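Note that my numbering has the sequence shown beginning at 253, numbered continuously upward. Glycine included, every Cβ here is placed at the ideal spot set by N, Cα and C. All values derive from a computational prediction rather than experimental measurement. Comments concern the structure below.
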Amino acid sequence: CYLYGRGVEQDYDMAVKYFVEADDKDMLGECYLHGWGVEKNVDKTIGLWESISEHTSHTINDKLWHLYLDGNFVDPDYEKAFWILNNEAFREDGDPEGGSYEARFELARCYYEGKGVKKDTRLALKLFRSTIELFYRYDGSASVSAEPDRIINARRILVKHGYKSEINKL
253 CYLYGRGVEQ DYDMAVKYFV EADDKDMLGE CYLHGWGVEK NVDKTIGLWE
303 SISEHTSHTI NDKLWHLYLD GNFVDPDYEK AFWILNNEAF REDGDPEGGS
353 YEARFELARC YYEGKGVKKD TRLALKLFRS TIELFYRYDG SASVSAEPDR
403 IINARRILVK HGYKSEINKL
């Protein structure tokens, strides 16, 4: 509530105080990342988030791969991003083909562009295809007109490489 000013006056210092008391490393990491109530310190953010990531927090892993891929707060580290993406793209959660379609798309992009791993267009195309399949496995009600950007971009890349008739079946 203090962080966003919900029901109380926004107060970053109080938010940080309560995040520390609650040992909320996720939100404390956000505060250090943005400089909310503490001095901005991206290394502190990474340290906090990586300590949570060791316990397979998918939310934190998503934040970390974004941080390493985007380069908005730190220089891109494609190898670290690749390692996290590989785990998130194929995490099991009770389903041997489960995982995050977002992470799978970004992993495909790493192979496609050679970021953090040797460029492998053939594997990238397989991953783009499985990204679409994974998305529809968990959100079968989505219409093509409501597809998120990652799915649209996966389709575009597949069409560019001659897979138009195959993706029409997806």
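Beta-carbon proximity of residue i to residue j, cut-off 7 Å
{"i": "Phe357", "j": "Gly351", "result": "no"}
{"i": "Leu196", "j": "Trp317", "result": "It is not possible to answer for residue 196, since the shown part of the chain is limited to 253 through 422."}
{"i": "Val272", "j": "Gly289", "result": "no"}
{"i": "Tyr333", "j": "Gly287", "result": "For clarity, residue 333 is Ala in the given sequence; the question names Tyr instead. No."}
{"i": "Ile403", "j": "Ile419", "result": "no"}
{"i": "Met266", "j": "Tyr254", "result": "yes"}
{"i": "Asp329", "j": "Tyr320", "result": "yes"}
Selected residue, minimal CA-CA separation from residue i, among the options
{"i": "Lys305", "options": "Val290, Leu321, Glu340", "result": "Lys is not the amino acid found at residue 305; the sequence shown has Ser there. Nearest of Val290, Leu321, Glu340 to Ser305, Cα basis: Glu340."}
{"i": "Glu331", "options": "Glu365, Thr311, Ala267, Glu291", "result": "Glu365"}
{"i": "Asp391", "options": "Tyr353, His413, Ala376, Gly257", "result": "Tyr353"}
{"i": "Lys412", "options": "Leu255, Ala376, Tyr388", "result": "Ala376"}
{"i": "Lys315", "options": "Glu282, Asn293, Asp295", "result": "Glu282"}
{"i": "Asn324", "options": "Ser303, Val294, Ile419, Glu302", "result": "Val294"}
{"i": "Arg381", "options": "Lys296, Trp301, Ala360, Asp322", "result": "Ala360"}
{"i": "Gly414", "options": "Tyr388, Arg374, Ala398", "result": "Arg374"}
{"i": "Trp301", "options": "Asp322, Lys277, Arg389, Trp335", "result": "Lys277"}
{"i": "Tyr388", "options": "Asp372, Glu399, Ile409", "result": "Glu399"}
Per-residue burial, residue i [other beta carbons within 10 Å of its own, 16 or more giving buried]
{"i": "Gly346", "result": "Reliability fails at Gly346, whose pLDDT of 45 lies under 50, so the model's placement of it is uncertain and the value that follows must be treated cautiously. Gly346 is exposed by the Cβ-count criterion."}
{"i": "Pro348", "result": "Interpretation of Pro348 is limited by its pLDDT of 46, a score under 50 that renders its predicted location unreliable; the figure taken from the coordinates is listed afterwards. Looking at its Cβ environment, which holds fewer than 16 other Cβ atoms inside 10 Å, Pro348 is exposed."}
{"i": "Ala355", "result": "buried"}
{"i": "Arg258", "result": "exposed"}
{"i": "Cys362", "result": "buried"}
{"i": "Lys370", "result": "exposed"}
{"i": "Thr311", "result": "exposed"}
{"i": "Ala406", "result": "buried"}
Any C-beta of chain D under 7 Å from that of residue i
{"i": "Tyr363", "result": "In the structure shown, chain D cannot be found, because there is only a single protein chain."}
heavy atom of the ligand SAH below 6 Å from residue i C-beta
{"i": "Thr311", "result": "Absence of the ligand SAH from the depicted structure is noted, as is the absence of any ligand whatsoever, leaving it without description."}
Notebook entry, point to check: What are the uninterrupted segments assigned as alpha helix (DSSP H) that are 4 or more residues long and contained completely in the region 348–403, given in chain order?
Noted result: You should have 353–365, 373–390.
Item checked: Sequence ranges, alpha helix (DSSP H) only - wholly within the region 284–318, length at least 4 -> 294–305
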